[in-house]
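I have placed the structure first, in the form of structure tokens, so that the comments after it can refer back to it.
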Amino acid sequence: MGKIKLDEIDHQILDMLIDNTRIPFTDIAKKLLISAGTVHVRVKKMEEGGIIKGSSLMLDYKKLGYSFIAYVGVYLNNTSQTKFVLERINEIPYVTVAHITTGKFNIFCKIRARSTEHAKEVIFLLDDIDGVYRTETMISLEESINDKKRLMHSIFNDM
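Read in order, the letters of the sequence shown correspond to residues 1 to 159 in full-length UniProt numbering.
See below:
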């Protein structure tokens, strides 16, 4: 499928959805002086074209008791074990992000935990996966920037 051409109305719709994925189409329509049906058709077009892939829910993990964040670099015995190890990592719910990487680590993970003790348990689970040679952990002192909206706004402003 080729690149979908977005016009200024599409950009404005996306801009509003980026700020609030739950904004009613009628509110978007009022602000843009178009019909809610037009908003619906344009959003549907962007969904079918793969520009919009669902919406997400943001949680305050601190309020839920999961304020401890650590990043774990995973070294593998052999890179051919990557798929198997990722399948095992996916079974650990406290690993919220995992990337296959180049450089020092084979896999780089973000974990969320209730405490240092809980994080230690999660790290030991990672260490115990067959194929993992060792891990290296970095503790996050503070998550200072976590704002995908800025990037999305920049992408659509550059289009």
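Here a beta-carbon is modelled for each residue, glycine too, at the ideal position from N, C-alpha and C. On a predicted model such as this, the values are computed, not experimentally measured, just so you know.
By the Cβ criterion, the segment 132-144 is in contact with the segment 70-87, since at least three pairs of Cβ atoms, one from each stretch, lie closer than 8 Å.
When DSSP states are grouped into helix, strand and coil, T82 belongs to the helix group. Assignment of M138 by DSSP, reduced to helix, strand and coil, places it in the strand class. Here the alpha carbons of I9 and D27 stand approximately 14 Å from one another. Under the three-state reduction of DSSP, L76 is assigned to strand.
In the structure shown, the three-state DSSP call for F124 is helix.
One Cα belongs to I89, the other to Y71, and the distance between them is close to 13 Å. DSSP assignment within the UniProt domain "HTH asnC-type" (6-67) yields no whole beta strand (DSSP E) run of 3 residues or more. If you draw a straight line from the Cα of E48 to the Cα of R42, it is about 10 Å long.
Around the beta carbon of L64, a 10 Å sphere encloses fewer than 16 other beta carbons of the protein chains shown; the residue is thus reported as exposed. Just so you know, the alpha carbons of L151 and I51 end up roughly 15 Å apart. Around the beta carbon of V95, 16 or more other beta carbons lie within 10 angstroms, which makes this residue buried. In the DSSP annotation of this structure, the continuous segment of the beta strand (DSSP E) that includes K110 starts and ends at 107-113.
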